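**Q** Supplied in structure tokens, the structure appears directly below.
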Amino acid sequence: MKLLAGVFGTLFLATLIGSTGACSKGAAAARPVIEAGPESAPMSPGEVDEALHEGKKLFLIDVREPEEFADGRVAVARNIPLRDLRARLADIPRDADVVLVCRTGARSQMAWEMLLELGYTKVHNMDGGMLAWQGEIAR
Numbered sequence: 021m022k023l024l025a026g027v028f029g030t031l032f033l034a035t036l037i038g039s040t041g042a043c044s045k046g047a048a049a050a051r052p053v054i055e056a057g058p059e060s061a062p063m064s065p066g067e068v069d070e071a072l073h074e075g076k077k078l079f080l081i082d083v084r085e086p087e088e089f090a091d092g093r094v095a096v097a098r099n100i101p102l103r104d105l106r107a108r109l110a111d112i113p114r115d116a117d118v119v120l121v122c123r124t125g126a127r128s129q130m131a132w133e134m135l136l137e138l139g140y141t142k143v144h145n146m147d148g149g150m151l152a153w154q155g156e157i158a159r
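Counting in the numbering used here, the sequence shown runs from 21 upward without gaps.
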């Protein structure tokens, strides 16, 4: 029990020191805060569905793996797995409203951050991912 408490105490202390910046000489710098303008706000699945039904031009990218994409997707989505996103930047228009989607919104959030860091300005993460999608599902 004492060993277990010591391990957790050490982990807590390391987390505390790391989060406060104390003793951080030589440590990697914290990730910069990503500033996103209103044109890059998250979109709810309902907002995405409504925009598609209104005929708005959205460039939907599903960042899930091909097997997940094949199980069900938003009909107009293109599959560019998160692991391939940097290599496929030429496929992503900089002047379009880009909407990113995955299963839960976590991977698409990472993709959103990446694209913002790379200078994309009109990029949106679909909150909740496909689990929250109530629209038509293509297979």
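All residues carry an ideal CB built from backbone N, CA and C; glycine is no exception. Values in this document were obtained by computation on a predicted structure and should not be read as measured data.
With DSSP collapsed to three states, give me the class of Arg106.
**A** In this structure, Arg106 counts as helix in the three-state DSSP scheme.
**Q** For Gly139, which of helix, strand or coil comes out of DSSP?
**A** Correct three-state label for Gly139: coil.
**Q** Does DSSP classify Val83 as helix, strand or coil?
**A** Reduced to three states, the DSSP call for Val83 is coil.
**Q** Could you check whether the stretch 57-77 touches the stretch 102-110, counting it as contact only if at least three pairs of C-beta atoms, one from each stretch, sit closer than 8 Å?
**A** At 8 Å Cβ cutoff, the stretches do not touch.
**Q** Cβ atoms of Leu136 and Ser60: under 8 Å apart, would you say?
**A** Yes.
**Q** Could you please give me the residues that DSSP links to Asp117 through a beta bridge?
**A** According to DSSP, Asp117 bridges with Leu78.
**Q** Can you look up Ala97 in the DSSP assignment and give me helix, strand or coil?
**A** Correct three-state label for Ala97: coil.
**Q** Identify whether Ala56 lies in helix, strand or coil by the three-state DSSP scheme.
**A** Coil.
**Q** Within 10 Å of its beta-carbon, does Asp115 have 16 or more other beta-carbons around it, so buried, or fewer, so exposed?
**A** Asp115 is exposed by the Cβ-count criterion.
**Q** Leaving out the 5 sequence neighbours to the left and right, which residues in its chain are closer than 8 Å to Val63 when beta-carbon positions are compared?
**A** For clarity, residue 63 is Met in the given sequence; the question names Val instead. Ala71, Val119, His144, Asn145, Met146 and Asp147.
**Q** What are the boundary residues of the alpha helix (DSSP H) that Glu70 is part of?
**A** Note, Glu70: alpha helix (DSSP H), Pro65 to His73.
**Q** How many Å lie between Ala48 and Ala56 at the Cα?
**A** Since pLDDT at Ala48 reaches only 43, below the 50 mark, its modelled position is unreliable, and no value is offered.
**Q** Reducing DSSP to helix, strand and coil, say where Ala90 ends up.
**A** Note: Ala90 maps to helix in three-state DSSP.
**Q** I'd like to know whether the C-beta atoms of Arg84 and Arg127 end up nearer to each other than 8 Å.
**A** Cβ distance < 8 Å, so Arg84 and Arg127 count as in contact.
**Q** To the nearest angstrom, how far is it from the Cα of Ala169 to the Cα of Glu67?
**A** The structure shown has nothing for residue 169, since the chain only spans 21 to 159.
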